[in-house]
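Reading through the structure tokens given below for one structure.
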Amino acid sequence: MTAPDGHRIGERITFDQHSGERTHWDYERNELFRVLEPLVTENLETVQGFMDEEGVDAVLVNRSDNMRYLTGYGPYDSFSLSAEHGAIIPREGDPTIVAAPRLATDLDDRHWIDDVVAFSTTDDEAPDTFAEVIAGHGLEDGVIALDPHLEYRFATKLERALPRAQLRDAGEILFRARAVKSDAEIALIEEGLSIAELGIEAGIDAVEVGVRECEVSGAIMDAMLSAGAAGAYALPAIVSSGIRWSRCQEYPSRKRIRRGEFVQLDEGPMWKGYYSELARMMLLGTPTDEQRSMYQATFQAHQAAIDAIEPGVTGNAVYDASREVFEEFGYEQWLTDGNIGHGIGVVAHEPPYIGPTEAVTLEENMIVMIEPGLFRQGVAGVRFEDMILVTKHGCEILSRTPHPNHDKFI
Numbered sequence: 001m002t003a004p005d006g007h008r009i010g011e012r013i014t015f016d017q018h019s020g021e022r023t024h025w026d027y028e029r030n031e032l033f034r035v036l037e038p039l040v041t042e043n044l045e046t047v048q049g050f051m052d053e054e055g056v057d058a059v060l061v062n063r064s065d066n067m068r069y070l071t072g073y074g075p076y077d078s079f080s081l082s083a084e085h086g087a088i089i090p091r092e093g094d095p096t097i098v099a100a101p102r103l104a105t106d107l108d109d110r111h112w113i114d115d116v117v118a119f120s121t122t123d124d125e126a127p128d129t130f131a132e133v134i135a136g137h138g139l140e141d142g143v144i145a146l147d148p149h150l151e152y153r154f155a156t157k158l159e160r161a162l163p164r165a166q167l168r169d170a171g172e173i174l175f176r177a178r179a180v181k182s183d184a185e186i187a188l189i190e191e192g193l194s195i196a197e198l199g200i201e202a203g204i205d206a207v208e209v210g211v212r213e214c215e216v217s218g219a220i221m222d223a224m225l226s227a228g229a230a231g232a233y234a235l236p237a238i239v240s241s242g243i244r245w246s247r248c249q250e251y252p253s254r255k256r257i258r259r260g261e262f263v264q265l266d267e268g269p270m271w272k273g274y275y276s277e278l279a280r281m282m283l284l285g286t287p288t289d290e291q292r293s294m295y296q297a298t299f300q301a302h303q304a305a306i307d308a309i310e311p312g313v314t315g316n317a318v319y320d321a322s323r324e325v326f327e328e329f330g331y332e333q334w335l336t337d338g339n340i341g342h343g344i345g346v347v348a349h350e351p352p353y354i355g356p357t358e359a360v361t362l363e364e365n366m367i368v369m370i371e372p373g374l375f376r377q378g379v380a381g382v383r384f385e386d387m388i389l390v391t392k393h394g395c396e397i398l399s400r401t402p403h404p405n406h407d408k409f410i
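Going by the UniProt record's numbering, the letters in the sequence shown line up with residues 1 to 410, in that order.
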């Protein structure tokens, strides 16, 4: 079995920095960072263009998704552990990464960004270090936009350290930039989708009467991690069956799968800093008339949402197209509350969103996950999920995995 970058599963893909021969260690330098450098450079140019439009002198990011987007490096995916690591993005020029000493030393040897500054974790001086970096750029009186996920305690310390700076939220700039993907990002996300498809196929193969949900989830995770995924959006992968899924209980349990009940398979691996997602439904045995009707309604609503996607259409218009199908079936009261779709990239759920109040206009090269669901508590739940690319004149379904058992419901 081979991973998306062509290596054999289980083979370490690392190279000696001097000889170029395969070794046991430097994966990030020679594979991950090599791939991400041109992509991140393009991301930086996009964000800096929006900064210029908004009159922002520097952006401070610290959450792992924004770090990955703008530096190719995310120290942790745990929000609490990443709180005091980050980067300063000036309106012009290269970023500065700020990290704990052991990480800073490591990055200084391996990362293409030359300016890496260490802070002392023992003295709680990270905000002061960020302030010094900003002042070093001559921006102590400037407009500084902060990561929308920055902790309050950190922001207040930074404000005291930069009393003349104008601090504002960077969310709009970051979300605008991240919503529209570059060609390089699309290619990387599609590579990750191939891992998601391996996972779903492993889950489909594992579903049998009497098998526990957690065992199927384990098969999905094993397939994705063995193919090179660096974690997943849902840990463990979502496997939920029967009445449990009617309540949208997403975590797998020790419940055994029974004949004649829906089984939800849903997961989202990370590949080289970018997420993908995919979900499919299964049913062992013969569906009841009610199950068949619920499946048909959800599948048609799912397809109606996809058919509505094109540049210039709003997120709520796509939602309305899906909802109309559920109304025709008389199922609108069991429709998923809120959004039925979302963007995806360096985090699994990000703008643009597809929902009843989402007026965002879709643009070419946006990627959205479409997942309208029908949840009738105590009876059953049905939901599919596909990755959709907004193209110049419409859209393209990037997911390729067939819907298992589909013929049973038509």
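Just so you know, even glycine gets a beta-carbon here, dropped at the ideal spot from N, CA and C.
Values in this document were obtained by computation on a predicted structure and should not be read as measured data.
Inset, instruction - Answer yes if the segment 381-395 comes into contact with the segment 307-318, meaning at least three C-beta pairs across the two stretches below 8 Å, and no otherwise. - result: yes
Inset, instruction - Evaluate residue 65 with the Cβ neighbour count: other Cβ atoms within 10 Å of its Cβ, from every protein chain shown; 16 or more gives buried, anything less gives exposed. - result: buried
Legend entry - Span of the beta strand (DSSP E), counted from its first residue to its last, around residue 351: 350-354
Inset, instruction - Identify the continuous beta strand (DSSP E) that holds residue 240 and give its terminal residues. - result: 238-241
Legend entry - Cα-Cα separation, residue 193 to residue 140: 43 Å
Inset, instruction - Compute the Euclidean distance between the alpha carbons of residue 81 and residue 153, then round it to the nearest angstrom. - result: Since pLDDT at residue 81 reaches only 47, below the 50 mark, its modelled position is unreliable, and the value read off the structure follows with that caveat. In a straight line, the C-alpha of residue 81 is about 15 Å away from that of residue 153.
Inset, instruction - In angstroms with no decimal places, state the Cα-to-Cα distance between residue 190 and residue 276. - result: 8 Å
Inset, instruction - Please confirm if the segment 50-58 is in contact with the segment 249-266, defined as three or more CB-CB distances below 8 Å between the two stretches. - result: no
Legend entry - Whole-Å CB distance - residue 366 paired with residue 390, under 8 Å assumed: 4 Å
Inset, instruction - Identify the continuous beta strand (DSSP E) that holds residue 38 and give its terminal residues. - result: Segment 33-54 is the alpha helix (DSSP H) holding residue 38; no beta strand (DSSP E) there.
Inset, instruction - Over the uninterrupted alpha helix (DSSP H) stretch that includes residue 90, give me the two end residues. - result: First-last for residue 90: 86-90, but that is the beta strand (DSSP E), not the alpha helix (DSSP H).
Legend entry - Beta-ladder partner(s) of residue 385, from DSSP: 279
Legend entry - Reduced DSSP category for residue 257 - H, G, I as helix; E, B as strand; rest coil: coil
Legend entry - C-beta contact flag for residue 180 and residue 129 at 9 Å: no
Inset, instruction - With a floor of 4 residues, list each alpha helix (DSSP H) that falls wholly inside the segment 141-190, ordered by position along the chain. - result: 152-161, 171-179
Legend entry - N- and C-terminal bounds of the alpha helix (DSSP H) containing residue 294: 289-307
Inset, instruction - Verify whether the separation of the beta carbon atoms of residue 319 and residue 188 is less than 9 Å. - result: no
Legend entry - residue 335 versus residue 127: straight-line alpha-carbon distance, rounded: 45 Å
Legend entry - Endpoints, beta strand (DSSP E) assigned at residue 395: 395-397
Inset, instruction - Report the residue from 90, 197, 171, 241 whose alpha carbon sits nearest the alpha carbon of residue 136. - result: 90
Legend entry - residue 262 - partner residues in DSSP beta bridges: 283
Inset, instruction - Look at the Cβ atom of residue 246, then the Cβ atom of residue 379, and state whether they are nearer than 9 Å. - result: yes
Inset, instruction - Counting only the same chain and skipping the five closest in sequence on each side, list residues whose C-beta sits under 8 Å from that of residue 173. - result: 47, 50, 51, 54, 56, 59, 145
Inset, instruction - Pick out whichever of 214, 175, 383 has its Cα sitting closest to the Cα of residue 350. - result: 175
Legend entry - Own chain residues within Cβ distance below 7 Å of residue 356, not counting five before or after: 316, 319
Legend entry - For residue 402, the three-state DSSP class (helix, strand or coil): coil
Inset, instruction - Check residue 212 in the structure and name its three-state DSSP category. - result: strand
Legend entry - Residue interval of the alpha helix (DSSP H) (run including residue 126): 126-136
Inset, instruction - With DSSP as the reference, label residue 341 as helix, strand or coil. - result: strand
Inset, instruction - Put residue 218 into one of helix, strand or coil per three-state DSSP. - result: helix
Legend entry - Euclidean distance between Cα positions of residue 330 and residue 290: 12 Å
Inset, instruction - Taking residue 68 as part of the alpha helix (DSSP H), name the residues at either end of that continuous run. - result: 64-71
Legend entry - Proximity of residue 87 and residue 101 at Cβ, strictly below 9 Å: no
Inset, instruction - Classify residue 102 as helix, strand or coil using the three-state DSSP reduction. - result: helix
Inset, instruction - Would you grab the beta carbon distance between residue 70 and residue 95 for me? Rounded to a whole angstrom, and I think it's under 8 Å. - result: 6 Å
Legend entry - Assigned exposure category for residue 107 - 16 Cβ within 10 Å defines buried: buried
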